[in-house]
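Below: one structure, written as structure tokens.
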Amino acid sequence: MSERTFVMVKPDGVQRGLIGEIVSRFESRGLKLVAGKFTVIDDDLAREHYGEHEDKPFFEDLTDFITSGPVFAMVWEGQDAVAQVRRMMGETDPAESAPGTIRGDFGLDLGRNVIHGSDTEEGSAEREIDLFFESDELVEYERIDEPWLTE
Ligand code: DAT
Ligand code: MG
22 MSERTFVMVK PDGVQRGLIG EIVSRFESRG LKLVAGKFTV IDDDLAREHY GEHEDKPFFE
82 DLTDFITSGP VFAMVWEGQD AVAQVRRMMG ETDPAESAPG TIRGDFGLDL GRNVIHGSDT
142 EEGSAEREID LFFESDELVE YERIDEPWLT E
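Residue numbers (my numbering): 22 to 172.
Below you can see the structure in the form of structure tokens.
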């Protein structure tokens, strides 16, 4: 089923020049870019975005890090997009992530894992998309290869 997911190149990924590489992987996979925003997250948005972790010992470091520089926030659409993006990202800890995944290819450390993607929990992707984008920032169009991507 076609669905949308929220993805973000984190400040480390931006500073390390990985935006293009990461976007390219999703594009080549056949996912469709629906929205994109290059921005610096403020503290309120960071705390809301990572609200599920507010009681964890790493929460302050996490919100400090995610607000420390620009991020590239995106919405990608496609068949099973939430789970497929998570598979392409690898594990939360780059050290545990297989080569070939984004974190496994570009990261070494749990606290600098390059990319965020919505988890597969019901409603997570919608919640994050709504946090970062207005509905008129989501662009509806057909990609020319769509008929060739799914049976
Ligand atoms: P994910 O980003 O894979 O969805 P998560 O939602 O569990 O992982 O955690 C959000 C981010 O917080 C994660 O990308 C990196 C950081 N993080 C998670 N667990 C951590 C830990 N034990 N120590 C330090 N940072 C952690
Ligand atoms: Mg998560």
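Beta carbons are placed, not taken as given, at the ideal position from N, Cα and C, and that holds for glycine.
Only residues of its own chain outside the window of five on either side were considered, and among them Gly138 have a CB closer than 6 angstroms to the CB of Arg107, listed in chain order. Taking all protein chains in view, the Cβ of Leu159 is surrounded by fewer than 16 other Cβ atoms within 10 Å, so the residue is classified as exposed. Going by C-alpha positions, Asp130 is about 11 angstroms away from Glu112.
When the beta-carbon positions are compared, Phe27 and Glu149 come within less than 7 angstroms of each other.
Taken in chain order, the unbroken stretches of beta strand (DSSP E) that lie wholly in the segment 34-70 and span 3 residues or more are 53-60. Around the beta carbon of Ser118, a 10 Å sphere encloses 16 or more other beta carbons of the protein chains shown; the residue is thus reported as buried.
Counting C-beta atoms within 10 angstroms of its own C-beta, Lys31 has 16 or more neighbours from the protein chains shown and is therefore classed as buried. Gly72 and Trp169 have their C-alpha atoms spaced approximately 39 angstroms apart. Relative to the ligand MG, the nearest heavy atom lies less than 6 angstroms away from the CB of Asp140.
Gly132 has its CB nearer than 6 angstroms to a heavy atom of the ligand DAT.
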